[in-house]
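**Q** Chains A and B, in that order, give the protein sequences.
According to UniProt numbering, the stretch in the first sequence is residues 1 to 243, in order.
According to UniProt numbering, the stretch in the second sequence is residues 1 to 261, in order.
Idealized CB from N, CA, C, for every residue including glycine.
This is the structure I want to talk about, given as structure tokens.
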Amino acid sequence: MAPILTIKDLSFHYGDNSSPVFEKLNLEIDKGEFVAVVGGSGVGKSTLLKCVADLAHSSGGTITLDIPERRSTRRRATVFQDGRLLPWKRLRHNIGYGLKGLELTAEERESRIDEVLVLTRLQELADRWPHQLSGGQVQRAGIARALAVHPDLLLMDEPFSAVDAITRQHLQDELLNIWQKTGAAVMFITHDIEEAVYLADRVVVLSGSPAHVTHDQRIDLPRPRGRNEENLQQLAHDIAQEL
Amino acid sequence: MHKHRSSFWTGHAVGRAVLGFVGVIAFVAIWKLAQSTGWAKAGTIPDPFLLPQTLVEEWRAERLLPAVMSSLVHYVWGLSLGTLLGFLVGAVAASSRWADALHAWLARILRPIPPLAWVVFAIAWFKVSHAGAAFVIAIGVFWVNYFATWSAVRNVDPKYYELARAFGQQGVLNQAVNVTLPASAPGILAGMRTGIGQAWMTLIAAELLGVPGMGQEMNAAAGVGAYEAVVIYMLVISLVYTLSDTLFARFEKRVLQWRPS
């Protein structure tokens, strides 16, 4: 299968003189594939994601998206760590935020919003203001907003790191459910190796200074996976050794 | 920290209203005492008991209402122009590096000049007219709104612009309407509310230059020692300000209903 995302020899540094955050970084993600990127803090995981999202400019190398441009969808969409809803828009309008500019009729736009509200189980809360939502609901709304543009590549920047452990487990299972329904590829940044192994088809380890991909582990465990499965724990342990 | 226990008088709405009323009565009583015992020199202090009668007189003489209306003309024009221009200049200066650099020194030079210092030019340019009074008011209001808008727009969290980029909402107008304006609205509206108060303060002084209005009536009344009438105008000023501030506070609350209360 041809990769939809190809990162080739990517490097990034702040300013001109500082040493690079990462260098000669190579990574491919296939269509529909769930890839988790793990690494210690400061290793440039989030910066890598921002480069792919076109929110930061790399200093060298190339990022190629093999996704056709369509007028009614966006090729990629980002889920931020802080949820990042606009506090002055009701949930429904937050979720529809990325639809403006796409070629959609008013009805199509509304049905896109309804569709992702159902998918993320937020229908009841559509008219709320963001401050009236819990941390988990804010994250689900961030996911809904990204899904509404029907992306081929979903970029997730530690989306569950700010919620409590129980909510996190719920969100992880919901994400898997949604991912299987939409068929989008996912690039999932996390520092939680168990989370990575539980969710992903592949776990990629970033480390070193400057950082690069030091390990690329396929997770062949059948789905649905059990969190306490011995194989899963073993894989997580092995990957932790790589860090 | 010592924690006060609230009783009926300090905690309950009715209790607080009664206490507030008592406070006013006590103030008037001391005032009356000072006036009637001769503790304050005769002819320098108004008699509070004559105020209702004076109010009726000022109304019957058809001085009060025209003065209020005339002042409102100055107020509305000065406030509207000052607010609009202050908002526009502040927003442009905060959004454009060029505009910001161009105006930075000029703002630093002009801003400390008290609005009333401009009365000289108000007379030179507009003669003794409504426009002159409105001009002086507008200057004070301009700076308040200019600065509030400038800092509110400057302080919009960049993460919202990043979000806009991530979701393909790059257009300048789009970002202004969906991000910059709503994000800076709390600061801008707080500035406008300050301006509403600032405008009243300069209004009376601006009218002392002779333009018809409450300021002029006060001046005229004081000239003939009619201090009761002066107090009536003071109270009307207080009332009109309270009304406009309350109205604006409602508007503000409505616009900012997305904020946690």
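Using a Cβ-Cβ cut-off of less than 7 angstroms, give me the residues of the stretch 105-138 of chain A that come near chain B, in sequence order.
**A** 129, 131
**Q** Taking beta-carbon pairs under 8 angstroms, can you tell me which members of the stretch 70-86 of chain A lie near chain B?
**A** 74, 77, 78, 80, 82, 84, 86
**Q** Buried or exposed: residue 7(A), going by 16 or more other Cβ atoms within 10 Å of its Cβ?
**A** buried
**Q** Contact check, residue 115(B) vs residue 86(B) under 8 angstroms by CB: the rounded distance?
**A** The pair is not a contact, with the Cβ atoms about 12 angstroms apart (cut-off 8 angstroms).
**Q** Are the beta-carbon atoms belonging to residue 83(A) and residue 139(A) less than 8 angstroms from one another?
**A** Contact: yes.
**Q** State yes or no: is the beta carbon of residue 150(A) nearer than 8 angstroms to at least one beta carbon in chain B?
**A** Taking Cβ atoms only, chain B never reaches closer than 8 angstroms to residue 150(A), which makes this a no.
**Q** Does the beta-carbon of residue 178(B) have 16 or more other beta-carbons within 10 angstroms, so that it is buried, or is it exposed?
**A** Counting the other CB atoms within 10 Å of its CB gives residue 178(B) a total of 16 or more, which places it among the buried residues.
**Q** Within the continuous alpha helix (DSSP H) that includes residue 26(A), where are the two ends?
**A** Taken as a continuous stretch (DSSP letters only), residue 26(A) belongs to no alpha helix (DSSP H), being part of the beta strand (DSSP E) at 22-30.
**Q** Below 9 angstroms on C-beta distance, what does residue 98(A) contact in chain B?
**A** 166, 167, 168, 169
**Q** Along chain A, in chain order, which residues have C-beta atoms closer than 9 angstroms to that of residue 182(B)?
**A** 86, 87, 88, 89
**Q** Between which two residues does the beta strand (DSSP E) containing residue 87(B) stretch?
**A** Not the beta strand (DSSP E): residue 87(B) falls in the alpha helix (DSSP H), residues 64-95.
**Q** Taking only beta-carbon atoms, is residue 159(B) less than 8 angstroms away from chain A?
**A** For residue 159(B), the answer is yes, since a Cβ of chain A falls inside 8 angstroms of its Cβ.
**Q** Shortest alpha-carbon distance to residue 74(B) belongs to which of 109(B), 136(B), 100(B)?
**A** 136(B)
**Q** Taking only three categories from DSSP, how would you classify residue 64(A)?
**A** DSSP places residue 64(A) in strand when its eight states are reduced to three.
**Q** Could you check if residue 198(B) is buried or exposed, using at least 16 other CB atoms within 10 Å of its CB as the buried criterion?
**A** buried
**Q** Just the Cα atoms here: how many angstroms apart are residue 122(A) and residue 235(B)?
**A** One Cα belongs to residue 122(A), the other to residue 235(B), and the distance between them is close to 53 angstroms.
**Q** Any Cβ of chain B within less than 8 angstroms of the Cβ of residue 55(A)?
**A** With 8 angstroms as the cut-off, residue 55(A) counts as an interface residue toward chain B.
**Q** Determine the direct distance from the alpha carbon of residue 48(A) to that of residue 236(A), and round the result to whole angstroms.
**A** 22 angstroms
**Q** Assess, as a yes-or-no matter, whether the stretch 70-83 of chain A is touched by the stretch 191-205 of chain B under the definition of 3 or more beta carbon pairs within less than 8 angstroms.
**A** With the cut-off at 8 angstroms, the stretch 191-205 of chain B and the stretch 70-83 of chain A do not touch.
**Q** Residue 101(A) CB to nearest chain B CB: under 8 angstroms?
**A** yes
**Q** For the candidate residues 5(A), 40(A), 2(A), whose alpha-carbon lies nearest to that of residue 211(A)?
**A** 40(A)
**Q** If we ignore side chains and look at the alpha-carbon of each, how far apart do residue 30(A) and residue 256(B) end up?
**A** 45 angstroms
**Q** Please specify which runs of the beta strand (DSSP E), each continuous and at least 3 residues long, are wholly inside the stretch 156-210 of chain A, giving them in chain order.
**A** 185-190, 202-207
**Q** In three-state terms, what does DSSP make of residue 36(B)?
**A** helix
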